[in-house]
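If you're matching positions, the sequence shown starts at 1 in the working numbering and goes up one per residue. All residues carry an ideal CB built from backbone N, CA and C; glycine is no exception. Quick caveat: nothing in here was measured; it's all calculated off a predicted structure. These notes concern the structure reproduced below.
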Amino acid sequence: MTRNDILQATHGTSSVKEIKDLMSRDAQRIKTLSQMSGFAQKYALFMYFDTTLNTLKSRVSDVRNHLKNAGNIRKEIIDLYLLPTKVYTSVNNKAAEKAKEELLKNQSSEMDFEKWTFKTLENLISKIENSEIDLVSNNSNKSREMAYIKLIVVALATGRRQVEVLKTMSLSKKKDEAKYGGLVKKKSDDFSLVAPILADIKIVKKYLQDVRDEFKIAEMTNKEINSKYNASISKSLSRYLDPEIAEQGFHFLRAAYAEACFLKFGDNAEKNTYFSQILGHETDLNAAHNYQIKIQKVASK
Numbered sequence: 001m002t003r004n005d006i007l008q009a010t011h012g013t014s015s016v017k018e019i020k021d022l023m024s025r026d027a028q029r030i031k032t033l034s035q036m037s038g039f040a041q042k043y044a045l046f047m048y049f050d051t052t053l054n055t056l057k058s059r060v061s062d063v064r065n066h067l068k069n070a071g072n073i074r075k076e077i078i079d080l081y082l083l084p085t086k087v088y089t090s091v092n093n094k095a096a097e098k099a100k101e102e103l104l105k106n107q108s109s110e111m112d113f114e115k116w117t118f119k120t121l122e123n124l125i126s127k128i129e130n131s132e133i134d135l136v137s138n139n140s141n142k143s144r145e146m147a148y149i150k151l152i153v154v155a156l157a158t159g160r161r162q163v164e165v166l167k168t169m170s171l172s173k174k175k176d177e178a179k180y181g182g183l184v185k186k187k188s189d190d191f192s193l194v195a196p197i198l199a200d201i202k203i204v205k206k207y208l209q210d211v212r213d214e215f216k217i218a219e220m221t222n223k224e225i226n227s228k229y230n231a232s233i234s235k236s237l238s239r240y241l242d243p244e245i246a247e248q249g250f251h252f253l254r255a256a257y258a259e260a261c262f263l264k265f266g267d268n269a270e271k272n273t274y275f276s277q278i279l280g281h282e283t284d285l286n287a288a289h290n291y292q293i294k295i296q297k298v299a300s301k
């Protein structure tokens with residue numbers, strides 16, 4: 001029997017929309033543990049039969065969102081369809097390998113950081129919107145794990161330092177770019193500049209606030225912030241970025257941002273000068289060179 005035959009026999013329809021609506025109505029009526037068990041068994045074939053990993057991942061997100069939007073459904077019922085972390089890890093690893101292959105230039109074997117940056121932002125924002133969280137253990141905090149992903153998105157989209165994202169940076173729209181205030185400079189308490197932003201500014205501003213609400217660093221000094229969170233943030237990179245990128249550390253996101261901006265918006269500018277302008281190095285070209293070296297090391301691997 002085909003998948004559609006099985007669904008028709010079990011639910012009287014093979015329409016995904018109709019089955020999801022049936023699920024919502026049945027879920028709203030559950031009162032007992034026995035009823036919950038029956039519900040799980042009734043829709044098991046719809047969820048899992050004759051399904052690839054990628055399709056299963058998408059279906060789980062779709063069904064969970066459908067149940068959430070239906071309202072009046074207990075969280076533990078929706079969580080019946082949480083996939084094991086290892087499934088997400090397997091799918092993400094395969095996707096990362098495929099993306100990496102696509103981003104390698106055929107003849108030069110150099111990674112295209114413009115494509116990598118925008119594709120990574122797209123994938124991570126999708127993960128956030130679909131609540132696809134890779135929990136480290138059963139005791140992992142979902143809110144904190146989501147904040148790590150949002151932190152990566154903000155850093156990659158803005159090119160700002162970790163402490164700037166966590167505490168000091170202000171963000172506002174400036175025509176087609178963004179104005180970044182509160183930047184950390186040795187000679188200035190509140191340095192600002194106008195530079196590109198690589199994702200929807202409304203999304204970035206929301207994630208920025210969510211990150212700060214989660215980490216609660218308003219009363220901490222910059223040194224205390226780095227001391228407390230450097231290690232855990234660094235570890236989180238390996239769960240959501242390609243291994244070659246994650247091992248470079250959080251600061252590399254700033255280099256990837258600068259390279260992507262140069263490739264997309266540089267318009268034949270002198271590279272050192274352009275990096276200095278958008279990263280806020282002013283005339284300190286040595287710092288701009290350092291970020292280019294970071295890119296070259298990864299691109300040549």
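Identity of the residue in the options nearest residue i by Cα
i: residue 211; options: 167, 180, 247; result: 167
i: residue 124; options: 217, 196, 150, 25; result: 150
i: residue 253; options: 73, 40, 181, 279; result: 279
i: residue 199; options: 7, 38, 122, 15; result: 122
i: residue 170; options: 177, 176, 160, 181; result: 181
i: residue 214; options: 142, 191, 2; result: 142
i: residue 90; options: 185, 34, 226, 240; result: 240
i: residue 160; options: 28, 31, 33, 277; result: 277
i: residue 263; options: 209, 115, 244; result: 115
i: residue 16; options: 32, 33, 243, 43; result: 43
i: residue 33; options: 275, 244, 74, 165; result: 74
i: residue 244; options: 14, 111, 27, 37; result: 111
i: residue 156; options: 120, 144, 87; result: 120
Short Cβ contact (7 Å threshold) for residue i with residue j
i: residue 249; j: residue 234; result: yes
i: residue 117; j: residue 256; result: yes
i: residue 197; j: residue 218; result: no
i: residue 113; j: residue 260; result: yes
i: residue 130; j: residue 61; result: yes
Close Cβ partners of residue i (< 8 Å) along its chain, the five nearest in sequence each way excluded
i: residue 303; result: Residue 303 cannot be examined here, being either before or after the span of the chain that is shown, 1 to 301.
6 Å CB neighbourhood of residue i in its chain, flanking five on each side removed
i: residue 238; result: 246
i: residue 222; result: 163
i: residue 105; result: Annotation note: pLDDT 41 at residue 105 (below 50); position unreliable, coordinate value reported separately. The answer is none, since no qualifying residue turns up.
Any non-hydrogen atom of the ligand HEM within 6 Å of residue i CB
i: residue 180; result: In the structure on display, the ligand HEM does not appear, and there are no ligands present to speak of.
Residues near residue i in its chain [Cβ-Cβ closer than 7 Å; skip 5 each side]
i: residue 207; result: 150, 153, 154
i: residue 50; result: 3
i: residue 78; result: 64, 67, 68
i: residue 127; result: 149
i: residue 192; result: 179, 180, 181, 183
i: residue 146; result: 128, 133
Inter-residue CB distance, residue i and residue j (contact presumed, cutoff 8 Å)
i: residue 158; j: residue 204; result: 7 Å
i: residue 173; j: residue 201; result: 5 Å
Quick check: the segment 37-57 against the segment 76-86, are at least 3 beta-carbon pairs closer than 8 Å?
A contact exists between the segment 76-86 and the segment 37-57.
Counting pairs of beta carbons, one from the segment 19-34 and one from the segment 57-76, are three or more of them closer than 8 Å?
Contact between the segment 19-34 and the segment 57-76 is present, because at least three Cβ pairs lie under 8 Å.
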